[in-house]
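Student: Can you keep this structure in mind? I'll have questions shortly.
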Amino acid sequence: MKSYITYLTLLISIMNMSITISAQNPIIQTNYTADPAPMVYNDRLYVYTTHDEDGSTWFTMNNWRVYSTNDMVNWTDHGVILSYFDFEWVKGDAWASQCIEKNGKFYMYAPMISKTNNRGAIGVAVADSPYGPFYDPLGKALVQTEWGDIDPTVFIDDDGQAHLYWGNPKLYYLKLNEDMISYNGEVVQVPMIEESFGKREGNPERPTKYEEGPWLYKRNKLYYLFWPGGPLPEFIGYSTSQNPEGPWKYGGIIMPAEGGSFTNHPGVIDFRGKTYFFYHNGALPEGGGFTRSVCVQELKFNEDGSIPEQKMTEGIKKSIA
């Protein structure tokens, strides 16, 4: 009995440990992961992901995971850090989220299905650590429009103002209050015009290429909005603006549709003097549109701030530590 208890204690300890893995693309090869959302904190890069369940034939996603690195080659798996079960008002679907730090607190914005009306809504969870534990400070959705409330991206500008974008097929934004869990202004619907998001052929109800999954980023005083474009399978496109609220100017395609997944999801961040572009594909064994895998590669810019088209690569081969 004593040896059994010792073995059980050791097994539990191993299960609770963070696991370090070394991998090129896909960077996570022990789970199916998607919708990468990178964050830098204390000179370490974190990437929050959704989690496709093994053998999924739909978007079967119940929780979010986080991985971290200090050299872009070796990744530490910190496990599940939040589930839709942690929100009492939620019925299901732990889809694409983003976590951001402000004043020592970590705010995770996540789309889920509300029990109230069986529609998508965006909630927020708060923690004192990038690993959690996260809790729901509101006990209800932060925002819910008439439809398509998925894929939130949050960005804090140099003046401290936080901006939240989200939506499929429409695109919305709002300004968050200082507390990061409320807002006073109106929810603004971004005009879907060809000049901003390119022209989509053959679908008058969706006149532009924009599909979903926005990601807001700033470089050299220019704001970039990255987004998956359609029709399916998705490519990654981008638009730029002199203002975080637009108007936006369509910049073109960064990454064409490829990789064995009919969806994609961008995440762009600066880390130790370089810019990294996260996305997902279906490259793992038995991978596909519902069993995806997160990847990363360096993102290059032209001198004028435009971004050249680039293919999926093998990833980061050399440690930057």
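Each residue of the sequence shown is one higher than the one before, starting from 1149 at the first, in the working numbering.
By construction, the Cβ of each residue, glycine as well, lies at the ideal position given by its N, Cα and C atoms.
With a threshold of 8 Å, are at least 3 pairs of Cβ atoms found where one atom belongs to the stretch 1231–1243 and the other to the stretch 1280–1300?
Tutor: Cβ pair count under 8 Å is three or more, so yes.
Student: Where ASN1450 and LYS1369 are concerned, what is the direct C-alpha to C-alpha distance, given to the nearest angstrom?
Tutor: Going from the Cα of ASN1450 to the Cα of LYS1369 covers about 15 Å.
Student: Should GLN1470 and ILE1468 be called a contact, given that it needs their Cβ atoms to be closer than 8 Å?
Tutor: The chain is shown only over 1149 to 1469; residue 1470 falls outside these bounds and no answer can be derived.
Student: Pick out whichever of PRO1392, LYS1347, PRO1339 and PHE1345 has its Cα sitting closest to the Cα of ARG1367.
Tutor: Considering only alpha carbons, the answer is PRO1392.
Student: Using a 10 Å radius around the Cβ and a threshold of 16 neighbouring Cβ atoms, would you call TRP1295 buried or exposed?
Tutor: Classification of TRP1295: exposed, given that the 10 Å Cβ count is below 16.
Student: If you scan the stretch 1208–1280 from start to end, which runs of the beta strand (DSSP E) of 3 or more residues do you find wholly inside it?
Tutor: If we require 3 residues or more, the beta strand (DSSP E) runs fully inside the stretch 1208–1280 come out as 1209–1217, 1222–1231, 1238–1240, 1246–1250, 1253–1262 and 1268–1275.
Student: Please report the distance separating the alpha-carbon of ALA1405 from that of ILE1384.
Tutor: Computed Cα separation, rounded: 8 Å.
Student: Tell me which residues share the same chain as LYS1422 and place their Cβ nearer than 7 Å to its Cβ, disregarding the 5 neighbours each side in the sequence.
Tutor: Result list for LYS1422: GLU1446, in chain order.
Student: Please classify SER1389: does DSSP put it in a helix, a strand, or coil?
Tutor: DSSP places SER1389 in strand when its eight states are reduced to three.
Student: Looking only at DSSP bridge pairs, what is LEU1370 linked to?
Tutor: Looking at the DSSP assignment, LEU1370 forms a beta bridge with ARG1367.
Student: Going by beta carbon distance, what residues of the same chain come within less than 8 Å of PRO1362, once the five residues before and after it are set aside?
Tutor: Correct list, in chain order: ASP1299, THR1301, TYR1313, TRP1314, GLY1315, LEU1319, LEU1373, PHE1374 and TRP1375.
Student: Within a Cβ cutoff of 6 Å, which residues of the same chain sit near PRO1352, ignoring the five residues on either side of it in sequence?
Tutor: Within the same chain, PRO1352 has no close Cβ partners at all.
Student: Would you give the residue range spanned by the alpha helix (DSSP H) that SER1441 belongs to?
Tutor: Looking at the DSSP string, SER1441 is not in any alpha helix (DSSP H); the run it does join, the beta strand (DSSP E), is 1441–1446.
Student: For ASP1200 and MET1209, which I take to be in contact (beta-carbon distance under 8 Å), what is that distance rounded to the nearest angstrom?
Tutor: ASP1200 to MET1209, Cβ: 6 Å. Contact.
Student: Leaving aside the five residues before and after PHE1419 along the sequence, list all residues of the same chain whose C-beta is less than 7 Å from its C-beta, in chain order.
Tutor: Around PHE1419: VAL1188 and LEU1193.
Student: Is DSSP giving PHE1345 helix, strand or coil here?
Tutor: Looking at PHE1345 - three-state DSSP - the assignment turns out to be helix.
Student: So VAL1335 and VAL1291 are supposed to be a Cβ contact under 8 Å. How far apart are they, rounded?
Tutor: Going by Cβ atoms, the distance from VAL1335 to VAL1291 rounds to 7 Å, so yes, they are a contact pair.
Student: Quick check on GLN1246: buried or exposed, where buried means 16 or more other Cβ atoms within 10 Å of its Cβ?
Tutor: The residue is buried, with at least 16 neighbouring Cβ atoms inside 10 Å.
Student: From PRO1456 to LYS1466, what does the alpha carbon distance come to, in whole angstroms?
Tutor: So the alpha carbons of these two residues sit roughly 23 Å apart.
Student: Alpha carbon to alpha carbon, how far is MET1220 from TYR1321?
Tutor: If I take the Cα positions, the gap works out to 31 Å.
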